[in-house]
Each structure stands twice: as C-alpha cells, then as structure tokens.
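Novice:
Protein chains: 2
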Amino acid sequence: MYYQPSAQASTEPLQYHLYVPRPPYKRRLPPHIREPADFFLETDLHLNLLQKAEAMVQTVHDYSVPDTVSSYHSLHFLGVDEAMGSVLGQHVSQYRATSSDNGMSYLLLRLSGLILGPTQSLKLFQKFTRISAPGVINGYEAFTTQAFGDHSVVFVYDFYPVGQSFWMLPQLSISYMLNAKDESDLWLYICQVLAILRAVHKQKLAARVVSGSMILVDFQKRLRLNGLGIPDVLDPLSADSVQKAQADDFRALADLVFALVLKGLPRSDDDRNAALDSMKAVFSSELIKVVMALRGADEEPKLDDIVRLCGTRFIDVLEYQMNCTDAMERGLMTEVENDRLVRLLCKLNYLIQRPEFANDDNWSAQGTNYLIVLFHDYVFQQVDETGKPVIDLGHVLRCLNKLDVGVDESIMLVSRDERSCVIVTYAKIKELVDNAFNQLVRESAKVPLH
Amino acid sequence: MYYQPSAQASTEPLQYHLYVPRPPYKRRLPPHIREPADFFLETDLHLNLLQKAEAMVQTVHDYSVPDTVSSYHSLHFLGVDEAMGSVLGQHVSQYRATSSDNGMSYLLLRLSGLILGPTQSLKLFQKFTRISAPGVINGYEAFTTQAFGDHSVVFVYDFYPVGQSFWMLPQLSISYMLNAKDESDLWLYICQVLAILRAVHKQKLAARVVSGSMILVDFQKRLRLNGLGIPDVLDPLSADSVQKAQADDFRALADLVFALVLKGLPRSDDDRNAALDSMKAVFSSELIKVVMALRGADEEPKLDDIVRLCGTRFIDVLEYQMNCTDAMERGLMTEVENDRLVRLLCKLNYLIQRPEFANDDNWSAQGTNYLIVLFHDYVFQQVDETGKPVIDLGHVLRCLNKLDVGVDESIMLVSRDERSCVIVTYAKIKELVDNAFNQLVRESAKVPLH
Numbered sequence: 001m002y003y004q005p006s007a008q009a010s011t012e013p014l015q016y017h018l019y020v021p022r023p024p025y026k027r028r029l030p031p032h033i034r035e036p037a038d039f040f041l042e043t044d045l046h047l048n049l050l051q052k053a054e055a056m057v058q059t060v061h062d063y064s065v066p067d068t069v070s071s072y073h074s075l076h077f078l079g080v081d082e083a084m085g086s087v088l089g090q091h092v093s094q095y096r097a098t099s100s101d102n103g104m105s106y107l108l109l110r111l112s113g114l115i116l117g118p119t120q121s122l123k124l125f126q127k128f129t130r131i132s133a134p135g136v137i138n139g140y141e142a143f144t145t146q147a148f149g150d151h152s153v154v155f156v157y158d159f160y161p162v163g164q165s166f167w168m169l170p171q172l173s174i175s176y177m178l179n180a181k182d183e184s185d186l187w188l189y190i191c192q193v194l195a196i197l198r199a200v201h202k203q204k205l206a207a208r209v210v211s212g213s214m215i216l217v218d219f220q221k222r223l224r225l226n227g228l229g230i231p232d233v234l235d236p237l238s239a240d241s242v243q244k245a246q247a248d249d250f251r252a253l254a255d256l257v258f259a260l261v262l263k264g265l266p267r268s269d270d271d272r273n274a275a276l277d278s279m280k281a282v283f284s285s286e287l288i289k290v291v292m293a294l295r296g297a298d299e300e301p302k303l304d305d306i307v308r309l310c311g312t313r314f315i316d317v318l319e320y321q322m323n324c325t326d327a328m329e330r331g332l333m334t335e336v337e338n339d340r341l342v343r344l345l346c347k348l349n350y351l352i353q354r355p356e357f358a359n360d361d362n363w364s365a366q367g368t369n370y371l372i373v374l375f376h377d378y379v380f381q382q383v384d385e386t387g388k389p390v391i392d393l394g395h396v397l398r399c400l401n402k403l404d405v406g407v408d409e410s411i412m413l414v415s416r417d418e419r420s421c422v423i424v425t426y427a428k429i430k431e432l433v434d435n436a437f438n439q440l441v442r443e444s445a446k447v448p449l450h
Numbered sequence: 451m452y453y454q455p456s457a458q459a460s461t462e463p464l465q466y467h468l469y470v471p472r473p474p475y476k477r478r479l480p481p482h483i484r485e486p487a488d489f490f491l492e493t494d495l496h497l498n499l500l501q502k503a504e505a506m507v508q509t510v511h512d513y514s515v516p517d518t519v520s521s522y523h524s525l526h527f528l529g530v531d532e533a534m535g536s537v538l539g540q541h542v543s544q545y546r547a548t549s550s551d552n553g554m555s556y557l558l559l560r561l562s563g564l565i566l567g568p569t570q571s572l573k574l575f576q577k578f579t580r581i582s583a584p585g586v587i588n589g590y591e592a593f594t595t596q597a598f599g600d601h602s603v604v605f606v607y608d609f610y611p612v613g614q615s616f617w618m619l620p621q622l623s624i625s626y627m628l629n630a631k632d633e634s635d636l637w638l639y640i641c642q643v644l645a646i647l648r649a650v651h652k653q654k655l656a657a658r659v660v661s662g663s664m665i666l667v668d669f670q671k672r673l674r675l676n677g678l679g680i681p682d683v684l685d686p687l688s689a690d691s692v693q694k695a696q697a698d699d700f701r702a703l704a705d706l707v708f709a710l711v712l713k714g715l716p717r718s719d720d721d722r723n724a725a726l727d728s729m730k731a732v733f734s735s736e737l738i739k740v741v742m743a744l745r746g747a748d749e750e751p752k753l754d755d756i757v758r759l760c761g762t763r764f765i766d767v768l769e770y771q772m773n774c775t776d777a778m779e780r781g782l783m784t785e786v787e788n789d790r791l792v793r794l795l796c797k798l799n800y801l802i803q804r805p806e807f808a809n810d811d812n813w814s815a816q817g818t819n820y821l822i823v824l825f826h827d828y829v830f831q832q833v834d835e836t837g838k839p840v841i842d843l844g845h846v847l848r849c850l851n852k853l854d855v856g857v858d859e860s861i862m863l864v865s866r867d868e869r870s871c872v873i874v875t876y877a878k879i880k881e882l883v884d885n886a887f888n889q890l891v892r893e894s895a896k897v898p899l900h
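If you read the sequences in order, they're chains A and B. Under the working numbering, the first residue of the first sequence carries the number 1, and numbering increases by one thereafter. Under the working numbering, the first residue of the second sequence carries the number 451, and numbering increases by one thereafter.
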C-alpha cells in the first residue's frame with residue numbers, strides 16, 4: 001500500500017517515540033565524523049558481554065563428570081588449573097555448575113585426592129563467606145564429596161565468566177618493557193588489591209591467596225580475588241599468626257608488582273631490590289614509596305599507612321571507575337528500549353496470519369480485529385509512489401513505540417485492494433491488540449474437554 | 451499446525467540459544483523466593499533510564515524561544531534557575547538544545563540582560579572546557595547572542611537529564627535529623643567533590659561554583675558540578691588570587707556539609723561551630739577532622755592533606771562505585787540480546803505477507819522462499835495436540851536465536867494444509883531470509899524508470 005506521508009504525524013512530536021539520543025559522551029568530534037559507538041554499544045563492551053554470555057552457557061558433553069554434586073547439576077569442566085594448584089599445593093580442577101536451589105551458575109573448585117585431617121575443618125571456610133566486597137569472589141560453601149570417584153573437597157564460589165588470570169596481563173609478556181604509561185595501571189591494581197585486603201582484614205582474617213593465579217582480571221581492568229578461605233581449611237592459622245599472615249598479604253602484593261618488572265615472581269630479596277631499582281628509573285617516587293611500604297622490609301606494612309601514601313592516586317582510581325559506570329549507563333540507555341519492542345513484535349506476530357482466525361468474523365475483512373492486520377501492513381508493507389517497497393527501520397520503530405504507548409494520534413489504514421480505508425488511533429489499535437492477545441492466551445490456557 | 455515436540459532439538463544444547471542466566475549477584479535467597487530483579491532490570495535503574503530518556507526528548511511547543519541560537523536548534527526551555535542565578539548574581543535560564551553539528555543534546559545556560567564589560571572575556575571560559583573529570587559537567591563554548599531579543603551570554607554544557615540539585619537531597623528536608631547512617635553518604639559527597647576540585651585545581655584554576663545550586667545529584671548519588679567557568683567570565687581572577695579562590699572552594703565544600711546539618715548554608719562562624727558541635731555527637735572523629743581541614747579555620751586547606759585525612763574512606767567510595775558498575779553490567783547483560791532480536795523480527799515481518807510477492811514464483815507454495823512463511827508459522831502459529839494455540843515466548847526466542855546464528859540443526863516445517871512437509875536447517879532458512887531481505891532492499895533502492 002502506498003501511504004501519503006501523513007500530515008497528522010506531526011501533531012505528535014515525532015522524536016518522542018523514537019530511540020532517544022545518547023546521554024553526554026565526553027568527546028566532541030567534527031560534525032562529519034561518526035564512530036560506531038555513536039550508534040551501537042561500544043565494540044569491546046559488546047564483545048565482552050557476548051563472550052560472558054557464551055561462557056555462562058557453554059556446555060560440552062562430558063561423561064567423565066558426575067550428573068550432580070551435592071545440590072549442583074549441569075557440571076561443565078573448565079580445566080585443571082595447575083597454577084592455582086601449585087599455589088594451594090593441591091590438584092585443582094574447576095567446574096561451572098548450576099545450583100538446584102536457584103538456577104544460578106557457580107564455580108566449583110575441586111581439590112581432588114584430599115582427605116581432611118583432624119586439624120582441618122570446613123567450618124573455617126564459613127568465616128570467609130561473610131566477606132562482601134566488589135573485588136572478592138564470594139564463597140558460599142565447602143563440602144567433601146565422593147561423586148567424582150575419589151575423595152574430593154569442593155569449594156563453591158560465584159562464577160565469573162571470561163576472567164583472565166593476572167599472569168595473562170599483557171604487561172607480563174617477556175617482550176614487554178614496563179614504561180611510564182603503565183603507572184596508572186599499576187595504581188589501579190594496587191588500589192584494588194588494597195580494597196580487597198581491607199575487606200578481608202576487617203574480618204580479622206588473612207587472605208593468603210594474593211597470587212597472580214588467584215586474581216582474575218575482568219573487563220575494564222577489574223580485579224577479583226578467587227579462592228579465599230581455601231588455605232585456612234588446608235592449613236589453619238593460630239590466632240597469633242593471623243597478623244603475620246596479613247602482613248604477608250601486603251608483601252605478596254609487592255611481589256606481584258615486582259613480577260610485572262621481572263616477568264615472574266621474585267625468588268630472593270636480591271630480585272626484589274633489582275626490580276625496585278629498575279622501577280625507580282621509570283615510575284614516580286610516590287609509587288616507589290608505596291611499593292616499599294607494601295614490601296615492608298623495615299617495618300610491618302600497615303593498611304592505613306599505605307593508603308595514606310597512595311594519597312590522591314585513589315582519586316584517579318575512583319575517577320576511572322566512575323567513567324566505567326558512565327560507559328555502562330550509556331550502553332544501557334541504547335539497549336533498554338529493545339526488550340519492550342521484542343515483546344510487542346512477538347505479540348503482533350502471534351496475531352497475524354493465524355489459521356484459526358480464518359473463519360472468525362472478528363478477523364474477516366469486516367471484523368474489528370482486521371485493523372490489526374491492516375496496521376501490520378501499514379508498518380511493514382508500505383510502498384512509495386512508484387510502487388517500490390519502503391524499508392525504513394525508523395518508521396517501524398516509530399509506529400511500534402506509538403502503539404506501545406497507545407497515543408491518541410490517528411492514522412489512516414487502507415485495505416489491500418485499496419477500496420476501503422479506516423481512520424483509527426494508535427490507542428484503539430493497542431486496545432484491539434491487547435484484547436486479541438489476551439483472548440489467545442486464554443485459549444491456550446483452556447483445559448481441553450475429553 | 452501441531453508440531454510434535456521434536457527429538458532433533460536436543461542435538462543442539464538448547465540453553466545455548468536462550469537468554470543466558472545472570473552474572474553473579476551478591477546475594478543468595480532461599481530457593482523459593484524470587485525478586486523482580488531476577489528477571490528484569492532493577493526497578494530503580496530502569497525507571498532512572500526511562501526518565502532520562504524522556505527528559506532527553508521532551509518538547510513543549512513554545513513560541514517564546516527562538517528557533518535557533520548560534521549552531522543550536524530545537525531549544526526546549528527548562529526553566530529559570532533562581533538558585534543558580536543568585537549564586538552567579540545573574541538572571542539564569544536553562545535550555546536543552548540540539549547541536550546542528552552532531553545532533554547531540556546540550557544544556558544552554560543563558561545569562562540574560564548581560565553586556566560584557568571591558569575586563570570580562572569569554573576567552574577565559576576556554577580554559578575550563580579543557581577540564582575532563584567524571585564529576586565535571588563539560589563546558590564547550592560561550593557566546594553572546596541577541597537571538598532571545600536581549601543581550602544574552604550563553605554557556606554550553608553537556609546535558610544531564612533528571613539531575614536534581616544538591617539542595618533537593620532528602621537529608622536537607624527540615625524534618626530530617628542527620629544520623630550515623632548518613633555518614634557513608636557524607637563521605638561519598640566529600641570524596642566526589644574532592645575529586646572534582648582536584649581536576650579543576652590541577653589546571654591552575656578555581657572552581658568558584660561549589661554550591662548546592664550548581665551540584666547535580668545523579669542516579670546512584672553521583673555528583674556533577676555545573677556552571678564551571680562562568681564566574682571567571684563575569685569576574686576574572688588576578689593570577690595571585692587563584693590560590694585563595696582554591697582554598698575557598700574547600701571552604702565552600704565544608705559549608706555544604708554544614709548545610710546538611712543546619713538545613714541551609716551557615717551565615718556566620720558561629721553557625722559553623724554549632725554545626726560542627728552537633729556533628730561531633732553523631733559522626734566519626736575522622737569525618738570531623740576532614741570537615742575541619744576543609745573549613746581551614748587555622749591554616750589554608752590543602753588537597754593532599756585532606757585526602758590523607760580521608761584515608762581508607764576513599765576505599766569505601768571506590769567500592770561503592772565498583773558496585774554501581776557491576777549493577778549496570780548486570781543490567782546490560784539482560785538487555786544486550788534484544789536489539790539483535792528486534793532487527794531480526796523486523797526483517798521477518800518485512801518478508802511475510804508482502805502483496806508484491808503474491809505472484810512471485812519464489813514465494814508460491816512450491817517456491818523456495820515459501821519456507822520462510824512456513825518457518826514463521828512454525829515459530830508463532832504452533833498449536834498443541836488438542837488444537838489449542840501454544841503461546842511460548844521461550845520457543846520464539848529459541849527459534850529466533852537459532853535462526854540468527856544459522857545453526858545446523860534441522861527442523862520439519864509443515865504446510866498449512868498439512869499435506870506436505872520439508873526438513874530444513876536453520877542455516878538454510880537464514881540464507882533464504884538474508885537473500886530475500888537483500889533482494890527487497892535492492893528493490894527499494896532502485897531508481898524508478900520514467
């Protein structure tokens with residue numbers, strides 16, 4: 001059908017029903033330049049989300065894993081983590097599993113071939129499940145099981161898809177030379193681990209897993225610490241050794257920084273001194289001071305002192321994080337309207353062309369519901385004055401959004417033979433669609449007569 | 451058509467094509483409890499996004515505003531801001547306008563009835579446009595105009611919809627008594643303003659607008675400072691008075707904190723002392739120390755010292771911000787799949803039921819494209835064995851996602867008269883849909899013959 005571009009359309013401000021423009025974007029390009037991010041989700045954010053989605057549901061048919069372990073099912077074997085294993089001194093396998101309690105995905109860390117001794121207790125893990133901080137991967141429970149065919153201890157954590165370990169940072173590749181540009185990243189890492197350690201130490205616990213193998217690097221350089229609490233189960237600390245273990249947490253963080261310079265953990269104090277010396281040539285004196293305080297060669301490292309040394313660098317990290325939030329919100333603004341449209345389109349598609357309606361008076365060319373069919377034509381089957389099809393996503397979105405709102409604007413619908421036409425408001429069509437769809441849902445829910 | 455629940459479906463892991471489960475959520479409820487946030491965008495986040503979207507496009511037919519001002523069009527009068535006016539000592543009106551350069555929305559702050567004197571220069575505004583910080587509302591340009599029918603000076607900033615001014619915080623209502631629970635909010639506000647001031651002072655400038663009327667409070671307690679640079683245009687600072695103005699910025703922040711206690715700005719040092727005394731009873735000594743340092747009664751306030759006094763409180767603010775990012779990412783995960791589906795559904799709807807295709811062999815019951823029609827039936831027109839319609843959004847999403855990916859899974863399509871059936875893969879249907887749609891787009895782009 002050819003619809004004259006209608007004059008009524010202008011009675012409603014058109015853009016109201018269209019996708020809205022973006023929230024402010026800290027960048028102003030010359031008018032003729034457009035970037036993909038002006039129209040879509042920023043590429044790396046989109047890719048990250050898709051990869052995460054894929055990792056959440058990826059399954060391999062694997063008969064070597066049990067169907068269920070405790071209250072978890074749909075186990076997916078992620079691999080043997082040798083790096084983590086060597087940190088914990090155990091054989092560690094990772095699984096993604098779904099909880100029967102709530103259908104969410106969790107990470108199972110399985111320590112295989114392990115029978116707990118008389119001094120070891122899973123109860124100690126409980127304390128660590130109470131830690132709540134954005135940089136800590138929450139632990140939930142620990143249990144022993146023979147479901148894998150051996151004596152295993154399983155620790156349950158939140159599952160974060162696609163996290164790389166700290167060891168896979170680009171700065172750690174042998175050929176990479178740390179330079180002054182990396183300083184902001186170093187501050188990001190240090191401040192984040194400090195935040196994690198504060199959350200742990202506040203509970204009068206020591207992390208004991210500040211290691212490159214236990215730190216996941218998520219999108220936008222977010223660090224998340226995995227495996228908290230496992231060392232305490234394997235090797236419980238006496239009350240007076242907690243403080244020393246806390247100091248060792250800071251030293252482990254210093255070693256991580258040194259590892260970035262040395263491309264591997266330092267093995268001796270000589271290594272540490274060498275790393276520190278080569279850092280002095282590249283980085284600010286503030287960073288050197290903080291790393292020295294973390295290392296605590298002269299006095300025990302203390303959180304308050306170290307944070308004070310970081311000073312305004314925490315503002316940098318905070319601002320970085322705020323920019324991340326803003327980027328996410330920008331992305332969300334562009335995507336949030338779509339789920340409404342998906343549902344509306346599905347509704348319409350359920351109603352159009354149903355064979356059951358063929359003999360229904362309401363859907364005949366004289367029936368009221370026929371307007372829905374005509375509206376569908378109006379949205380999707382327009383042709384221009386030369387008879388060419390009009391493919392205009394803007395028109396579709398505009399019409400659908402107006403339909404969803406049910407505005408009072410009138411449109412003229414024309415039958416396919418162009419012999420009759422009806423003037424009707426979006427509000428009326430919305431009412432018809434809702435009634436017809438509800439009718440259909442009632443039909444589908446009817447208990448059949450036998 | 452009634453389709454037997456197919457056995458082939460299980461050859462592809464079903465959930466892969468479904469909406470994916472949520473990323474970890476720092477909360478574990480008993481299995482029988484579900485919250486709305488388990489299924490949809492969290493309500494306040496969704497509402498915030500919708501309100502922002504509405505504010506971005508809201509228009510009122512208003513003949514008192516000019517059609518264009520400089521390179522901005524579609525001006526929308528937001529109101530006269532008397533609070534801001536009294537801070538700047540001018541009559542201030544706010545407009546939202548669209549730039550002809552890039553189609554983005556900007557905020558125009560119009561100072562009306564103002565002719566710049568010989569010592570005043572818009573060039574001074576330039577320096578402030580270079581400040582880039584997440585808490586600063588970017589300024590872009592300033593110009594004089596007579597488009598409003600008088601002599602006006604217009605300052606152009608990023609437009610942030612739905613921000614409330616600081617004065618509208620719930621803590622400022624007369625009946626509200628500040629209590630210990632507000633301390634974390636106070637730290638949030640103080641640390642954010644400190645971050646803003648650092649960004650400004652780093653450029654050797656003073657903000658001079660740290661006032662409740664110039665601070666927008668956005669979603670999730672994000673502060674954004676508006677109107678930076680206007681005081682420098684109205685009343686330029688001499689080089690040696692910048693430092694004093696910077697110290698005054700900190701004092702203004704202290705006054706904002708006092709205002710929360712006094713429910714209004716302090717008018718004298720007695721007011722400030724009284725506010726400080728009543729704060730001592732409620733808040734931690736760290737907060738009191740920071741506020742005293744900001745006030746700088748004894749010595750000039752300095753950023754480094756104040757940040758050092760904040761100490762680990764910056765970690766709290768950082769963690770709060772990280773949680774905000776995580777919440778946004780969770781929301782984005784649920785929404786990101788939908789835009790793909792909207793586009794795919796539109797494609798399908800363009801192809802189904804086109805009258806032009808009525809005489810096209812490809813679309814006849816023997817033609818290849820007829821499979822697209824049958825597929826549409828398969829997705830939307832299923833009935834169960836008793837003939838009741840099947841309304842199953844899960845089935846629709848599964849089919850559409852498989853179609854979008856073009857998986858190798860085969861399905862059996864049945865004609866409406868149930869006399870013929872075809873076994874075809876999603877990959878084949880995807881190919882047909884793509885070809886048919888591209889054909890349609892080519893048609894629509896054809897130059898008509900005359």
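Note that CB positions come from ideal geometry on N, CA and C, so glycine has one too. Given the structure is predicted, the values throughout are model-derived calculations rather than measurements.
Do three or more CB pairs link the segment 760–773 of chain B to the segment 364–382 of chain A at distances below 8 Å?
Specialist: In short, these stretches do not touch, since the Cβ pair count stays below three.
Novice: With a threshold of 7 Å on Cβ separation, who are the neighbours of R745(B) within its own chain once the five nearest residues in sequence on each side are excluded?
Specialist: The answer, listed in chain order, is R701, A704, R722.
Novice: Would you give the residue range spanned by the alpha helix (DSSP H) that G535(B) belongs to?
Specialist: Unbroken alpha helix (DSSP H) run through G535(B): 532–538.
Novice: Below 8 Å, can you find three or more Cβ-Cβ pairs linking the segment 327–344 of chain A to the segment 781–795 of chain B?
Specialist: Judged by Cβ distances under 8 Å, the segment 327–344 of chain A makes contact with the segment 781–795 of chain B, as three or more pairs qualify.
Novice: My output table needs one value for S623(B): the three-state DSSP class, helix, strand or coil.
Specialist: S623(B) falls in the coil class under three-state DSSP.
Novice: Does the beta carbon of T368(A) sit closer than 8 Å to a beta carbon anywhere in chain B?
Specialist: No, because no Cβ of chain B sits closer than 8 Å to the Cβ of T368(A).
Novice: Using a 10 Å radius around the Cβ and a threshold of 16 neighbouring Cβ atoms, would you call Y626(B) buried or exposed?
Specialist: Exposed, by the Cβ-count rule.
Novice: Are the Cβ atoms of V209(A) and L186(A) separated by less than 8 Å?
Specialist: No, the Cβ-Cβ distance between V209(A) and L186(A) is not below 8 Å.
Novice: In this structure, how does DSSP classify E750(B) when only helix, strand and coil are distinguished?
Specialist: Coil.
Novice: Under a three-way DSSP split, which group does M168(A) fall into?
Specialist: M168(A): helix per DSSP, three-state reduction.
Novice: Which residues in chain B sit within 7 Å of Y350(A), going by Cβ to Cβ distance?
Specialist: Residues of chain B passing the Cβ test: F830, I841.
Novice: Do three or more CB pairs link the segment 380–391 of chain A to the segment 795–805 of chain B at distances below 8 Å?
Specialist: With a cut-off of 8 Å, the segment 795–805 of chain B and the segment 380–391 of chain A count as touching, because enough Cβ pairs lie within range.
Novice: Nearest to V291(A) by alpha carbon, out of L172(A), K263(A), A259(A)?
Specialist: Among L172(A), K263(A), A259(A), the Cα nearest to that of V291(A) belongs to A259(A).
Novice: Output needed for C849(B): all residues of its chain with C-beta closer than 6 Å, excluding positions within five of it in sequence on either side, in chain order.
Specialist: Cβ neighbours of C849(B) beyond the five flanking positions: V829.
Novice: Measure the alpha-carbon distance for G599(B) versus S410(A) and round it to whole angstroms.
Specialist: Computed Cα separation, rounded: 38 Å.
Novice: Quick one: what does DSSP say D270(A) is sitting in, helix, strand or coil?
Specialist: Here D270(A) sits in helix by DSSP.
Novice: Tell me which residue opens and which closes the alpha helix (DSSP H) that E385(A) is part of.
Specialist: Run containing E385(A): none; DSSP gives neither H nor E here.
Novice: Can you tell me which of the three DSSP states Q544(B) falls into?
Specialist: Strand.
Novice: Give the interface partners of V162(A) over in chain B, defined as CB-CB distance under 8 Å, in chain order.
Specialist: Simply none; closest approach about 10 Å.
Novice: In chain order, which continuous runs of the beta strand (DSSP E) of length 3 or greater are located wholly inside the segment 189–234 of chain A?
Specialist: Within the segment 189–234 of chain A, the complete beta strand (DSSP E) runs of at least 3 residues are 215–217, 223–225.
Novice: State yes or no: is the beta carbon of K388(A) nearer than 8 Å to at least one beta carbon in chain B?
Specialist: Taking Cβ atoms only, chain B reaches closer than 8 Å to K388(A), which makes this a yes.
Novice: Please list the partners that K480(A) has in chain B, where partner means a Cβ-to-Cβ separation under 9 Å.
Specialist: No answer is possible for residue 480(A): the residues shown for chain A start at 1 and end at 450.
Novice: Quick check on R398(A) - is its C-beta less than 8 Å from some C-beta in chain B?
Specialist: It does not: the Cβ of R398(A) has no partner Cβ on chain B nearer than 8 Å.
Novice: Flag this pair as yes or no: are the beta carbons of K880(B) and S444(A) separated by less than 8 Å?
Specialist: Not in contact: K880(B) and S444(A) (Cβ atoms no closer than 8 Å).
Novice: Let's see if you can read the secondary structure: which residues bound the beta strand (DSSP E) around S688(B)?
Specialist: First-last for S688(B): undefined, no H or E at that position.
Novice: Could you tell me whether the Cβ of A645(B) comes closer than 8 Å to any Cβ of chain A?
Specialist: Yes, A645(B) lies at the interface with chain A (some Cβ there is under 8 Å from its Cβ).
Novice: Using C-beta distances below 8 Å, list every residue in its chain close to I738(B), excluding the 5 sequence neighbours before and after it, in chain order.
Specialist: Correct list, in chain order: L726, M729, K730.
Novice: Does the segment 644–658 of chain B touch the segment 580–588 of chain B, meaning 3 or more C-beta pairs lie closer than 8 Å?
Specialist: Yes: at least three Cβ pairs fall under 8 Å.
Novice: Kindly identify the DSSP beta-bridge partner or partners of F605(B).
Specialist: Partner(s): L559(B), A592(B).
Novice: My understanding is that V261(A) touches L194(A), with C-beta atoms under 8 Å, so please give their C-beta distance in whole angstroms.
Specialist: At roughly 19 Å, the Cβ-Cβ gap does not stay under 8 Å, so V261(A) and L194(A) are not in contact.
Novice: Quick check on M618(B): buried or exposed, where buried means 16 or more other Cβ atoms within 10 Å of its Cβ?
Specialist: Label assigned to M618(B): exposed.
Novice: Expressed to the nearest angstrom, what Euclidean distance is found between the alpha-carbon atoms of L890(B) and R416(A)?
Specialist: Using only the alpha carbons, I get a separation of about 19 Å.
Novice: Look up I861(B) in the DSSP assignment and give the residues it is bridged to.
Specialist: DSSP output for I861(B) lists V874(B) as bridge partner(s).
Novice: Using the three-state DSSP reduction, which class does S184(A) fall into: helix, strand or coil?
Specialist: Helix.
Novice: May I ask you to report which of helix, strand or coil DSSP gives V136(A)?
Specialist: If DSSP states are grouped into helix, strand and coil, V136(A) belongs with the strands.
Novice: Excluding the 5 residues preceding and the 5 following L528(B) in the sequence, name in chain order all residues of the same chain whose CB lies nearer than 7 Å to its CB.
Specialist: So the list reads Q544, Y545, R546, once near-sequence residues are dropped.
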